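S.K.:
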Amino acid sequence: MPSFPALRLPHVALTEVLRCLDPIDLFIFAQCSSKSSFVVPLVKSESFRIDLDNEFGKIIIINKDYRFSLEKIDEHTLFDFKCKSMNSSVKRDREHLLTISSNVGFETFIWYFCNLFKSPMRTITFLPVRDFDQITAFLSKNDQVGIEELEITGYKLTENCLRKTLDAVQRTKISLALSIKSFVPEGFVYKFEKLPERLQLKESHWFTMSNLMEASNCAHIDLHKSSLTIQDMKEFMSRWKQGEFPNLEYFQASNDSFNITDYPGFEDRQNTVQRNKRIKNSSSSRYMTRGVKLQRDNGQKAEYRIFGNWFQFFVLSEWDIC
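Heads up: the sequence shown begins at 1 in the UniProt record's numbering, then just goes up one per residue.
1) Is D65 a contact residue of the ligand MN, with contact defined as CB to any heavy atom under 6 Å?
2) Can you tell me where the alpha helix (DSSP H) with C83 in it begins and where it stops?
3) Looking at the strands, I want to know which residues DSSP matches up with Q295.
4) Is it true that the CB of S254 sits closer than 7 Å to the CB of W310?
5) In chain order, what residues of the same chain lie with their CB nearer than 6 Å to the CB of M209, ignoring the 5 residues before and after it?
6) If I'm right that K84 touches Q134 with Cβ under 8 Å, what's the distance once you round it to whole angstroms?
7) Which partner residues does D53 have in the DSSP bridge list?
8) Taking the DSSP output, what are the residues bridged to A137?
9) For L9, which option in K191, V39, Q252 and I28 has the closest C-alpha, if you only look at C-alpha atoms?
10) I'd like the list of long-range same chain contacts for S69, defined as Cβ closer than 6 Å, with 5 residues on each side in sequence excluded.
11) Would you kindly work out how many angstroms separate the C-alpha atoms of D138 and C114, rounded to a whole number?
12) Identify whether W240 lies in helix, strand or coil by the three-state DSSP scheme.
13) Buried or exposed: where does G123 fall if 16 or more other Cβ atoms within 10 Å of its Cβ makes it buried?
14) Using the Cβ count rule (16 or more neighbours within 10 Å means buried), how would you classify A215?
15) Which same chain residues, not among the five before or five after F192, have their C-beta less than 6 Å away from its C-beta?
16) Check this for me: beta carbons of E149 and L176, under 7 Å apart or not?
17) Return the first residue and the last residue of the beta strand (DSSP E) that V315 is part of.
18) Using DSSP bridges, identify the partner residues of V43.
19) Measuring alpha carbon to alpha carbon, tell me which residue in S182, L157 and K82 is nearest V90.
20) Helix, strand or coil for M1, going by three-state DSSP, please let me know.
21) Please determine, among C218, K301 and D80, the residue with the shortest C-alpha to C-alpha distance to Q248.
22) Find out if the Cβ-Cβ distance for the pair M288, F314 is shorter than 7 Å.
23) State the DSSP-derived secondary structure class of D131, mapped to helix, strand or coil.
24) Exposed or buried, N54, counting other C-beta atoms within 10 Å across all chains shown (16 or more means buried)?
25) So, under 8 Å CB-CB, S37 and L162 are touching, yes? Tell me the CB distance rounded to an integer number of Å.
Here it is in structure tokens:
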């Protein structure tokens with residue numbers, strides 16, 4: 001089949017041709033020459049969603065569907081073509097998966113895709129026991145651009161590993177969400193200097209009332225397996241009434257000691273309205289029924305309740321569906 005001189009096309013025509021290519025095809029096209037790499041952003045690739053996941057490998061995901069996996073060079077592996085920019089061999093394993101065999105570091109691999117598509121990293125799923133230095137080095141150089149979401153994962157992290165990870169996170173500009181899904185050692189203590197809009201902790205026994213106050217600028221707070229008490233919840237609501245937590249939309253915390261039979265004041269059985277709270281900057285919703293009403297001096301209303309072992313607090317808004 002004769003070659004097609006795409007780079008000789010007029011600017012508009014070349015752009016239309018490139019728009020027919022998916023991210024994997026664009027990556028392959030970019031290997032042809034430095035000029036072909038230079039024209040990739042014509043497809044407005046700065047709007048691409050680039051995600052990083054090192055939990056089950058070293059993987060870059062583009063637009064939630066196209067995957068690029070970094071592996072060590074194996075001389076016995078068959079490959080489809082060479083990638084000179086990373087001194088690597090490339091094999092297309094499936095329609096939406098490229099395996100790139102190279103000895104380059106993971107940080108170099110990450111930056112290659114950010115630079116090729118002129119797009120920032122949007123989300124990072126971070127398993128600190130792997131590639132710690134590579135990813136934290138990327139985070140430290142990425143502070144001016146920032147990322148949207150960072151998830152810290154791993155079954156069990158040592159106290160030192162988690163502290164170093166959170167220190168790296170504190171130096172990073174995260175615009176939307178921080179999620180910590182790993183087991184946290186008993187006795188772990190940490191002081192946050194800043195937190196993004198959303199905070200989710202799957203193991204929050206270490207998260208104190210002082211930490212909750214450090215999250216006072218968050219819009220969404222979700223604490224699983226918390227050690228916070230009902231008295232802490234009462235203090236939180238008192239502070240909210242006084243004007244603290246100005247951006248808060250919802251807060252929930254689970255604790256096995258929460259029990260509605262012990263705290264009947266946390267339920268209003270006359271209020272049977274189910275609220276569907278739409279979460280801004282997210283496709284998800286939260287639900288609550290039979291909330292007890294609370295109001296600030298400025299007229300802002302909220303509802304709270306205990307449901308099972310969960311304390312729920314919703315700040316009411318015009319976005320809610322009843």
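Just so it is clear, CB atoms sit at the ideal spot from N, CA and C, and this is done for glycine as well.
Computed from a predicted model, the values in this text were never measured in an experiment.
M.R.: According to the structure data:
1) In terms of ligand content, the structure shown is empty, and the ligand MN therefore cannot be addressed.
2) If you number the sequence shown from 1, residue 83 lands on position 83. In the DSSP assignment, C83 falls outside any alpha helix (DSSP H) and lies within the beta strand (DSSP E) extending over F81 to C83.
3) What you label residue 295 is simply residue 295 of the sequence shown in a count that begins at 1. Per the DSSP secondary-structure output, Q295 pairs in a beta bridge with K301.
4) Within the sequence shown, residue 310 is the residue found at index 310, counting from 1. Within the sequence shown, residue 254 is the residue found at index 254, counting from 1. In contact: W310 and S254 (Cβ atoms closer than 7 Å).
5) Locating residue 209 in the sequence shown gives position 209, where the first residue counts as 1. Excluding sequence neighbours, M209 sits near D232.
6) Looking up residue 84 in the sequence shown gives position 84. Looking up residue 134 in the sequence shown gives position 134. 22 Å between Cβ atoms; not a contact.
7) Within the sequence shown, residue 53 is the residue found at index 53, counting from 1. Per the DSSP secondary-structure output, D53 pairs in a beta bridge with I59 and T125.
8) Position 137 of the sequence shown holds residue 137. Paired residues: none, contrary to the question.
9) Locating residue 9 in the sequence shown gives position 9, where the first residue counts as 1. Among K191, V39, Q252 and I28, the Cα nearest to that of L9 belongs to V39.
10) One-based indexing of the sequence shown puts residue 69 at position 69. Closer than 6 Å at the Cβ level, and outside the excluded window around S69, lie G57, I59 and T99.
11) One-based indexing of the sequence shown puts residue 138 at position 138. One-based indexing of the sequence shown puts residue 114 at position 114. Reading off the sequence shown, one finds Phe at residue 138, where the question assumed Asp. Using only the alpha carbons, I get a separation of about 11 Å.
12) As a working mapping, residue 240 is identified with position 240 in the sequence shown. Helix.
13) Here residue 123 corresponds to residue number 123 of the sequence shown, with the count starting at 1. At residue 123 the sequence reads Thr, which differs from the Gly that was named. Under this definition T123 is a buried residue.
14) For the purposes of this step, residue 215 is taken as the residue at position 215 of the sequence shown. Answer is buried; the Cβ neighbour count reaches 16.
15) The residue labelled residue 192 in the question sits at position 192 within the sequence shown. So the list reads E214, once near-sequence residues are dropped.
16) Against the sequence shown, residue 149 aligns to sequence position 149. Against the sequence shown, residue 176 aligns to sequence position 176. Cβ atoms of E149 and L176: closer than 7 Å.
17) On the sequence shown, residue 315 is found 315 positions in, with the first residue counted as 1. Counted as a single uninterrupted DSSP element, the beta strand (DSSP E) harbouring V315 occupies residues W310 to V315.
18) For this step, residue 43 is matched to residue 43 along the sequence shown. Note: V43 is not bridge-paired with any residue in the DSSP secondary-structure output.
19) As a first step, residue 90 is located in the sequence shown; it is residue number 90 there, counting from the start. The shortest Cα separation from V90 among S182, L157 and K82 belongs to K82.
20) By one-based count along the sequence shown, residue 1 stands at place 1. Note that M1 scores a pLDDT of 41, beneath 50, so its modelled location is shaky and nothing firm can be said.
21) Within the sequence shown, numbered from 1, the residue matching residue 248 stands at position 248. The question names Gln, but residue 248 is Leu in the sequence shown. For L248, the nearest C-alpha among the options comes from C218.
22) Locating residue 288 in the sequence shown gives position 288, where the first residue counts as 1. Locating residue 314 in the sequence shown gives position 314, where the first residue counts as 1. Result yes, Cβ atoms of M288 and F314 sit closer than 7 Å.
23) Counting from 1 along the sequence shown, the entry for residue 131 is found at position 131. D131: coil per DSSP, three-state reduction.
24) Counting from one through the sequence shown, the residue named residue 54 turns up at place 54. So N54 counts as buried.
25) For the purposes of this step, residue 37 is identified with residue 37 of the sequence shown, where counting begins at 1. For the purposes of this step, residue 162 is identified with residue 162 of the sequence shown, where counting begins at 1. Not quite, the Cβ-Cβ distance comes to about 39 Å (not below 8 Å), so this is no contact.
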